[in-house]
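Quick mapping for you: the protein sequence lines, in order, are chains A and B. The numbering of the first sequence is the numbering used here, which starts it at 692 and goes up by one. The numbering of the second sequence is the numbering used here, which starts it at 243 and goes up by one. Ideal Cβ placement from N, Cα and C applies to all residues, glycine included. None of the values given here were measured: they were computed from a predicted structure. Down below is the structure, laid out as C-alpha cells.
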Amino acid sequence: MIAALLYLQGHTFRNRLVSRFKRLKQPKYLVGAVVGGLYFYFYFVRYLFQLPGRRPAAGLAVSPGHLLLLELLGAFALFVVVLLAWLVPRERGALTFTEAEVAFLFPAPITRRNLIHYKLARSQLRIFFGTLLLTLISRRFGGNLWIHALGWWLILSTLNLHLLGASFARTLLLDRGISNRLRRLLVLGVAGVAAAGIWVWARRTIPAWNPAYLADVDSAADYLQRLLTAGPALYLLYPFRLVVRPFLAPDAPAFLAALAPALLLFLLHYLWVIYSDVAFEEASLDASQKLAARIAAARAGNWPQAKANQKARRPWFKLAAGGPPATAFLWKNLIGVGQVFSSRLGVSVLVVVVVLGVLLRNDAHSQGLSIFAAIFIAITLGYSLLLGPQVLRLDFRHDLPLADVLKTFPLRGWQIALGEILAPAVALAALQWALLLVEGAIAFYLPVPHQSLLFAAVLGAAAVLPILDLLLLLIPNAAVLLFPSWTQTGKDGPRGVEAVGQRLVFALGQVLVLALALAPAALASAGAFFLLRLALGPAAAVLLAALAAAVIVAVETVLGVMLLGKWFERFDVTEDTN
Amino acid sequence: MVQVEGLTKLYGDFTAVGELSFSLQPGEVLGLVGPNGAGKTTTLRCLSGIIPPTRGAVCVGGHDIVRDGVAAKRHLAFLTDEPRLFDYLTVWQHLNFIARIYQVADYEQTGRALLEELELADKRNALPGELSRGMKQKLAIACGLLHSPRVIYFDEPLTGLDPIGIRRMKDSILKRARDGAAIIISSHLLHLVEEICSRILILKNGRKIADGTLGEITRRFSEQAGDTNLEKIFFRATSEPGAGASTVPPLLPR
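Quick look at the structure:
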C-alpha cells in the first residue's frame, strides 16, 4: 500500500516538473526562467556554494554571545508559534488532502496510519523546498552549508509534526467535551502562570528593566540573555532551544553534539502523531473542500477569498441609485478592502498609536525615540508609494476575471477604469494621511529646527500623495490589461523560478514607466521651489512646489485614466491569461 | 429590437462566427442551438458588446453596440450559465451596486420583489460563498433583471436550478416576452427551446444553418411526415452532409 502511495507522490512530482519544463517553450516563461535563474544565482547560489569572489565562512558571522542570543530568540519564536497552534485554531484536527486524494484514498482499503504516513511524506516535499529557500537566505550570512540545511530541516520537520500533533490533540479534547473556549482558557492560564513566574523571578533576581535599554541594543540583548537563560524561562524555552541549536552550531562536532537531543525530540513528535488515534476523515473532507475552493479562488486571481473565510461587511457609505457610476466601484471595492482592514483592526491600531504617543510624551528618554519614529514614518511613507500599489489590488487586477461582466455595464471605459483604481487609492491615501498626521504631531511636540518647513512638507505631501497614488495605481492596472498573461491574474498561480523572473522583469518595467511619469512633476516642483524660495521663504516654496507637482501629476492621471479606459474597452476577454 | 448584419468573429484563421444575420422583434423568444463549438457563446458575447465583432453590425434598441455601446447596453441583460458574482458583496449589495451602474431609482422596491420572486429574500445579507449554486444563479438573474431590460440574452439559463426554479424561470422568461422584451436563449436543452421559444436559430461551425419557427424548420429538415421532435431535427440539421438521419446517436452502444 505504501508503494502505491509513493508511486502517486513520485509521479505527481515528476509530472509537475515535466509540465513546468514544457511550458518553457513559451517565451514569457523562458525569459522569466532566465531572469529568475540569474537572480537566484547572483543573490543566493554564489553564497551557497561559496563560488569565486565570495569569502569563505566557517561558521555564522556572529560572536558566541550573539549566537546565544540568536538561539534564545529562535527558541522564543518557536515557542510563540507552538503557543498559537494550541490557542488559535477552532477546527478539528485535519490532514488536508486534495479533493482527488479524498475521492480515491478515503474509500480505498488504506489504514489511517498509512494515510498519516502518506501526508507526512508529502509534507516532506514542501519542507524540502522550504529548507532549500531558507538555506539560500541564511547562507548569505555565512556558516556551513550542510549544517544550515540539516538544521532548517530539523526545525521545519519538528514544527510540522508538532502542529499536526497539536491539531490531533485539540480534536481529542473536543471529543472529550472540552470546548475550544475552555481549551483556550487553559492554555492562556498556563501561559499566564509561566509569564508571572518569569516576572516574579526577574524582579527578585536580576536588575529591573530600564526603558533606556531601548536605545541601546547591547544592553537590551544583555537583559534578554539574563532573563531567558536562568530561572523559569530556562526550563520553558529549553526544548525549543534544543530544536534550534543544530542550525546554529558553528562547526561539525558542535552540530553532532546538538543533533542527538534534537533528533530525539523529532522522534517523540513522530511517535505522538502516528499513535494519535484521532478520526480526522470528516474534518479532512471539509478541509479538502475549503482547500479546493481556495485554490479555485486563487487561480481566478481572487486572493481575498483565497486567503480566509469571508464575512459580509457593511459598506463604508450609503450608495444612492443616482450619481457618478465610478462611485459604485469605489463603494464595491471598499467593501472588499474591509475584508482585510476591518474597523476592529483600525481601532486596535489607533489604540496602539495613542498608547505609544502617551508613553513617548511622558518618557524622559522619548526624544530620541520620537526622532526615530519620525524617520521611520518618513521611510514608511516612501515604501507605501512603492509597495502600496502592489499590495492593494482591489482594482482591475482583482476584477479582471469578471471583465466580461464589467463589459456589459452601460459605462465608458474611463468610468470603469476610474472606478476600479479609486478604492486602493483611497485606502492608501488614508493610511498615508494617518502617517502624516502622526508625523505632524511629532514635529509639533519636538523642539526641532525648521519646524515650519517640516509642517509645509507634511502639508505638501498630504496634497500630492492621493493624486500620486492614483497615478501609481494606473501602472499595474495598465500592465494587467496590456500584458494579462504576464501579470498572472488568471487561471495559473504564480510559481517557480520563471514566475519570480517574470515578476522581476515586470517590476523593472513599472519602475521605468514610473520614473518617466514622475520626471515632469519633479522638474516642475524643483523649478518652483528654487524660483519661490527667495521671494516667499523655504516653507511657502516647499508648499507651492508640492502643489505644482500635484497639478502636473493630476493632469497625467486624467490622461492616464482616459488611456486605461480605452485599453479596457479594447481588452479581449477571451485572451488566454495563463 | 435586435438587428444583426453579417456578424463575423475571427480568431486568427479560425472563424468562430461567420456572416450571421438575423433580427429579433419585441416579444420574440429566439432559441440559439447548435453543437459544442458552434459559436453560440461567442455570438452572445458579440451581441452584448463583451467582445467586438471582427466584421458586421449589431444594433440593440436602435443603437450600434460598437459605436454607441453605452446606449445599447442600457437596454441589455446577459445572463451566463456560470453566475459571475462579486465574492465580497452580499445579495442586497449586489442589487445596490447594479442599481447605481444602471441608475435604477426605484431599485429597493424592484429588488425586494425580485428577491421574493426568486426565493432569495431571506438571503439578502449572505455572501455568494454562502449560497448554493442555484441561489447564485438566481442572484445573477436578479441582477440582470433589476433594470427591466428590453433585450435579454440567456446562456443556459436553467443550469443549477431546482425543478421549482426551472418552472419559475420558464414562466419568468415567457412573462417578460409577453411584456415586450426580446429574448435570446442559448441552450443544449432542446425540450426547453421547444417549449418556450417562438423561433429557433441553429448554428454549426459558426454559420447559421436554420432560422425560423419550429414548424418552418421541421418542414425544411423533416424526412417523414409527423417528425416534429426538435431533437431529431437538430441531429439531422447538424449532421455531416450525406450522413442522413442515421447519424442520430443511439442512447446505448449497440
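Considering only B:Asp-421, B:Asp-348, B:Leu-456, the residue with the shortest C-alpha distance to Glu-437 (chain B) is B:Leu-456. With contacts defined as CB atoms closer than 8 angstroms, Val-312 (chain B) and Arg-1261 (chain A) fail to qualify as a contacting pair.
Under the 8 angstroms Cβ criterion, the stretch 411-426 of chain B counts as touching the stretch 256-276 of chain B, having at least three qualifying pairs. Contact annotation for Ser-290 (chain B) against chain A: Thr-1099 [CB-CB distance below 7 angstroms, chain order]. The alpha-carbon separation between Gly-880 (chain A) and Leu-759 (chain A) amounts to approximately 29 angstroms.
For the 8 angstroms CB-CB criterion, Leu-1163 (chain A) and Leu-1238 (chain A) do not form a contact. Ala-319 (chain B) has its alpha-carbon roughly 21 angstroms from the corresponding atom of Gly-298 (chain B).
For Phe-1100 (chain A), the secondary structure class from DSSP, reduced to helix, strand or coil, is coil. Within the same chain, and ignoring the five residues on either side of Val-969 (chain A) in sequence, the residues whose Cβ sits closer than 7 angstroms to its Cβ are Gly-784, Phe-859, Thr-862, Leu-863.
Per the Cβ contact rule, the stretch 946-960 of chain A is not in contact with the stretch 792-804 of chain A (fewer than 3 Cβ pairs under 8 angstroms). Residues of the stretch 306-338 of chain B that bring their beta carbon within less than 7 angstroms of a beta carbon in chain A comprise Val-312, Lys-315, Arg-316, Leu-318, Phe-320, Arg-326, Phe-328, Asp-329, Tyr-330, Leu-331, Thr-332, Gln-335, Asn-338, in sequence order.
Taking Ala-1169 (chain A) as the centre and dropping the five residues before and after it, the same chain places the C-beta of Leu-1255, Trp-1258 closer than 7 angstroms to its C-beta, in chain order.
Using a Cβ-Cβ distance cut-off of 8 angstroms, the stretch 1230-1237 of chain A and the stretch 1140-1159 of chain A are in contact, since at least three pairs of beta carbons, one from each stretch, lie closer than that value.
With a beta-carbon spacing of about 6 angstroms, Arg-875 (chain A) and Leu-778 (chain A) fall inside the 8 angstroms limit used to define contacts.
Here Asn-338 (chain B) really is in contact with Leu-1010 (chain A); their C-beta atoms are around 5 angstroms apart, less than 8 angstroms. A direct Cα-Cα distance of roughly 11 angstroms separates Glu-473 (chain B) from Thr-480 (chain B). Judged by pairs of C-beta atoms under 8 angstroms, the stretch 928-948 of chain A touches the stretch 829-843 of chain A, as three or more such pairs exist.
Between the stretch 1092-1107 of chain A and the stretch 1126-1144 of chain A, the count of Cβ pairs shorter than 8 angstroms is below three; the stretches do not touch.
Under the Cβ distance rule, Val-259 (chain B) does not count among the residues neighbouring chain A, no pair being separated by less than 8 angstroms.
Closest option to Ile-965 (chain A), judged by alpha-carbon separation, among A:Arg-707, A:Leu-806, A:Val-934: A:Leu-806. Beta-bridge partners of Val-393 (chain B) (DSSP): B:Leu-318, B:Ala-424. Taking a contact to require three or more Cβ pairs closer than 8 angstroms, the stretch 401-413 of chain B and the stretch 347-356 of chain B do not qualify as touching. Under the DSSP assignment, Val-935 (chain A) falls outside any beta strand (DSSP E), being part of the alpha helix (DSSP H) whose first and last residues are 922-939.
Rounded to the nearest angstrom, the gap between the Cα atoms of His-757 (chain A) and Gln-916 (chain A) is 10 angstroms.
Rounded to whole angstroms, the gap between the alpha carbons of Leu-1119 (chain A) and Arg-803 (chain A) is 49 angstroms. For Ile-340 (chain B), the secondary structure class from DSSP, reduced to helix, strand or coil, is helix.
By the beta-carbon neighbour count (other beta carbons within 10 angstroms, threshold 16), Lys-716 (chain A) is exposed. Contact annotation: the stretch 1206-1222 of chain A does not touch the stretch 1118-1134 of chain A, with fewer than three C-beta pairs closer than 8 angstroms.
The C-beta of Lys-1257 (chain A) comes no closer than 8 angstroms to any C-beta of chain B.
In this structure Ala-899 (chain A) is exposed. Its beta-carbon is surrounded by fewer than 16 other beta-carbon atoms within 10 angstroms. Interface flag for Ala-347 (chain B) against chain A is set, since a Cβ pair is found closer than 8 angstroms.
For Gly-298 (chain B), there is no enclosing alpha helix (DSSP H); the residue is part of the beta strand (DSSP E) that begins and ends at 297-302.
Using beta-carbon distances, Leu-400 (chain B) does not count as an interface residue toward chain A, since no partner is under 8 angstroms. Residue-level contact check: Ala-1003 (chain A) touches chain B, since one or more beta carbons of chain B fall below 8 angstroms from its beta carbon.
Cβ proximity to chain A below 9 angstroms picks out Gln-345, Val-346, Ala-347, Asp-348, Tyr-349, Glu-350, Asn-367, Ala-368, Leu-369 from the stretch 345-369 of chain B.
Here the alpha carbons of Gly-1079 (chain A) and Leu-1214 (chain A) stand approximately 24 angstroms from one another.
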